[in-house]
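Count along the sequence shown starting at 1, add 7, and that's the number in this note's numbering.
So the structure is just underneath, and the comments pick up after that.
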Amino acid sequence: MECRIGCGACCIIPSISTKTKLLPNGKPSHTPCIHLDDKMRCLIFDHAERPSVCGSLKPSFEMCGNNRDEAISYLIMLDELTK
Ligand code: SF4
Ligand code: SF4
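Right, here's the structure in full:
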């Protein structure tokens, strides 16, 4: 499955512990990543600085669902389960 244009759910809901220049403490959960642009695209997608966890998170029906709301609901549930 392909990533849905304009979604960005997996760049908002999960926390990221990897530090980047603009995220010296990583990214808290339920917070849009500072590297997202206004169209929900990753501004450092092809950069070495992009956290490896981002590259390992592949689009899947289980996570992405049928729409952005389903993706957000799934990721919130996952975040709660992994706290
Ligand atoms: S949840 Fe899925 S569709 Fe949404 S941004 Fe992430 S990979 Fe793309
Ligand atoms: S670095 Fe890019 S892929 Fe990773 S969470 Fe931020 S915007 Fe998303």
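Using N, Cα and C, we set each Cβ at its ideal position, and we do this for glycine too.
> How would you write the range of the alpha helix (DSSP H) that Ile79 sits in, first residue to last?
Replying inline: Within the sequence shown, residue 79 is the residue found at index 72, counting from 1. Counting along the chain, the alpha helix (DSSP H) containing Ile79 begins and ends at Arg75 to Leu88.
> Count the other CB atoms within 10 Å of the CB of Lys46; is the residue buried (16 or more) or exposed (fewer)?
Replying inline: Residue mapping note: residue 46 aligns to position 39 of the sequence shown, counting from 1. Exposed, because fewer than 16 other Cβ atoms sit within 10 Å of the Cβ of Lys46.
> Candidates Gly62, Leu30 and Thr38: which alpha carbon is nearest Asp86's?
Replying inline: In the sequence shown, residue 86 corresponds to position 79, counting from 1. For the residues Gly62, Leu30 and Thr38, the minimum Cα distance to Asp86 belongs to Thr38.
> Hey, is Cys10 close to ligand 2, as in C-beta under 6 Å from one of its heavy atoms?
Replying inline: Start at 1 with the first residue of the sequence shown, and residue 10 comes out as number 3. Outside the cutoff, so no.
> From Glu69 to Pro31, what distance separates their C-alpha atoms?
Replying inline: Mapped onto the sequence shown, residue 69 falls at position 62. Mapped onto the sequence shown, residue 31 falls at position 24. Each residue's Cα considered, the two are about 31 Å apart.
> By a C-beta neighbour count over all protein chains shown, 10 Å radius and 16 as the cutoff for buried, is Gly15 buried or exposed?
Replying inline: Mapped onto the sequence shown, residue 15 falls at position 8. Counting Cβ neighbours within 10 Å, Gly15 comes out buried, since at least 16 surround it.
> Cβ of Cys61 versus every heavy atom of ligand 1: is any distance shorter than 6 Å?
Replying inline: Counting from one through the sequence shown, the residue named residue 61 turns up at place 54. No, the Cβ of Cys61 stays beyond 6 Å of every heavy atom of ligand 1.
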